[in-house]
Amino acid sequence: MTILEVKDLKVYYPVRGGIMGRVVDYVRAVDGVTFSVEAGQTIGLVGESGSGKSTIGKAVLGLVPLAGGQILFAGEDITKHIGKNRSPYRKSVQMIFQDVYSSLNAKKRVLDIIAEPLRNFEKFSKAEERKRVDELLTIVGMSPENALKYPHEFSGGQRQRIGVARAIALKPRLIVADEPVSALDLSIQAQVLNYLKDVQEELGLSYLFISHDLGVVKHMCETLAIMHNSRFVEFGSREDIYTNPVHIYTRRLIASIPDMDPQMREPNEQRRAEIAEEYTEKYSSFYNEGGKVYDLKQVGATHYVAVP
Ligand SMILES: Nc1ncnc2c1ncn2[C@@H]1O[C@H](COP(=O)(O)OP(=O)(O)OP(=O)(O)O)[C@@H](O)[C@H]1O
Ligand SMILES: [Mg+2]
């Protein structure tokens with residue numbers, strides 16, 4: 374079942390100038406992006422800083438106005454919910470942030486932090502609420518006694534799990550996870566990622582998983598979209614993207630993954646040099662004269678590439 378459909382999405386941010394603060398130009402942060410997410414699926418959005426990843430996430434959460442296109446959630450157009458806080462849509466789609474510490478209110482106990490969405494949307498008694506919070510803490514591998522503590526009493530990884538508990542409190546169907554582990558130590562990243570996977574299985578969740586870390590994305594996502602200049606340059610299964618990248622931008626990105634195997638370091642170094650050369654040589658055949666990314670064309674069963 375298709376849970377999310379994004380069709381030809383465009384988000385333009387106004388640029389204001391002069392003493393009157395008039396709109397003098399627009400930043401085309403997302404400029405014609407189309408994809409869909411199935412129930413239980415994880416789609417990875419990868420691309421360099423400023424390519425438009427978070428903006429897609431914000432659009433899906435209904436936090437920014439669209440300059441064009443459409444977003445359907447479970448078949449329903451969400452445009453009318455944009456900017457509204459308590460629509461049913463706000464319950465079904467949740468977010469996990471990169472830096473939970475700044476998104477968790479330091480003065481509130483974990484109980485209040487996790488219960489906040491419940492208080493907005495459900496009419497639980499205090500006892501029911503506490504029971505639900507205890508359940509949520511258990512799901513993310515934390516003991517219910519933690520409910521009465523404050524955010525500063527936890528490690529980064531534990532805080533991230535509190536963020537996950539809050540995000541799943543309303544049993545959402547889709548979570549936008551924007552760099553959910555980038556702020557964590559490597560040793561803790563895997564742990565939080567595994568919790569995200571467990572929770573997904575338990576609740577049948579879909580993820581829109583945003584990251585610039587290709588290792589993390591490979592671990593989490595069976596489908597990937599590679600973004601550059603506000604558009605998708607390539608879209609496909611994990612296999613398509615990691616073993617058969619076609620777009621020059623993706624090829625360079627994949628070649629840049631550091632090697633764990635010391636024996637492979639030298640051959641890969643050589644391969645990187647080759648790809649760098651290929652990148653300079655072929656760049657112009659992968660972008661139009663204005664530097665814009667072409668529309669995606671199907672090149673395999675699940676594989677799409679932006680070529681002329
Ligand atoms: N509120 C805003 N007003 C104006 N421009 C914005 C705003 N938010 C983002 N932008 C611009 O839109 C473009 C896309 O930004 P976005 O945050 O989506 O990138 P990103 O891919 O998430 O990058 P990063 O990896 O650094 O998080 C950038 O050029 C950015 O400067
Ligand atoms: Mg971002």
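Just so it is clear: in the sequence shown, position 144 is 517 by the working numbering, and no numbers are missing. Each residue gets a CB set at the ideal place from its N, CA and C atoms; glycine is no exception.
| request: Give the secondary structure of ASP472 by DSSP, where H, G and I count as helix, E and B as strand, and everything else as coil. | output: coil
| query | In chain order, what residues have a CB nearer than 7 angstroms to some heavy atom of ligand 2? | reply | LYS426, SER427, ASP551, GLU552 and ILE583
| Can we count ALA556 as close to ligand 1, meaning its CB is less than 6 angstroms from some heavy atom? | no
| query | Is there at least one non-hydrogen atom of ligand 1 closer than 6 angstroms to the beta-carbon of ALA352? | reply | Lying outside 374 to 681, the shown extent of the chain, residue 352 is not represented and no answer is given.
| message | Mapping the DSSP letters down to three states, classify ARG534 as helix, strand or coil. | response | helix
| message | Does PRO438 come out as helix, strand or coil in the three-state DSSP assignment? | response | coil
| message | Looking only at its chain, what residues have a beta carbon closer than 6 angstroms to the beta carbon of ALA520, apart from the 5 residues adjacent to it on each side? | response | VAL483, LEU484 and VAL506
| task | In the DSSP assignment, find the alpha helix (DSSP H) that holds HIS592 and state where it starts and stops. | result | 587-593
| request: For MET633, count neighbouring Cβ atoms within 10 angstroms of its own Cβ and tell me buried if that reaches 16, exposed if not. | output: exposed
| task | Please name the residue in LEU547, GLY588 and ILE627 whose C-alpha comes closest to that of ASN641. | result | ILE627
| Helix, strand or coil at LYS570 [DSSP, three-state] | helix
| How would you call LEU559, buried or exposed, if buried means at least 16 neighbouring beta carbons within 10 angstroms? | exposed
| query | With a Cβ-Cβ cutoff of 7 angstroms, do ILE614 and LEU597 count as a contact? | reply | yes
| query | In or out: LYS426 buried (at least 16 other Cβ within 10 Å) or exposed? | reply | buried
| said: Please state whether the Cβ-Cβ distance between VAL513 and VAL537 is less than 7 angstroms. | reply: yes
| request: Can you say whether SER516 is buried or exposed, counting buried as having 16 or more other CB atoms within 10 angstroms of its CB? | output: exposed
| Opposite GLY663 in the DSSP bridges: which residues? | Bridge partners of GLY663: none, in fact.
| request: With DSSP collapsed to three states, give me the class of PHE605. | output: strand
| request: Have a look at PRO681 and ASN661 and give me their C-alpha separation to the nearest angstrom. | output: 8 angstroms
| message | I'd like to confirm something about TYR386: is its beta-carbon nearer than 6 angstroms to some heavy atom of ligand 1, or not? | response | yes
| message | Can you tell me where the alpha helix (DSSP H) holding PRO461 begins and where it ends? | response | 461-465
| field | Opposing strand residues paired with GLU411 [DSSP bridges] | value | THR375
| message | Let me make sure I understand the geometry here. Which of GLY588, ALA556, CYS594 and VAL384 has the alpha-carbon closest to that of LEU569? | response | CYS594
| said: Below 6 angstroms, is the gap between the Cβ of GLY423 and the nearest heavy atom of ligand 3? | reply: For ligand 3, the structure offers nothing, since it holds only ligand 1 and ligand 2.
| Residues near ASP398 in its chain [Cβ-Cβ closer than 6 angstroms; skip 5 each side] | VAL388
| Environment of ALA649 [buried if 16+ CB atoms lie within 10 Å] | exposed
| field | Contacting residues, own chain, Cβ-Cβ under 8 angstroms from ASP551 (five flanking each side not counted) | value | LYS426, SER427, GLY430, MET468, ILE469, PHE470, GLN471 and ILE583
| query | If you drop the 5 nearest sequence neighbours on each side, which residues of the same chain put their C-beta closer than 7 angstroms to that of LYS383? | reply | VAL403, ASP404, GLY405, LEU439, ALA440, GLY441 and GLY442
| N-terminal and C-terminal residue of the beta strand (DSSP E) that SER579 is part of | 579-583
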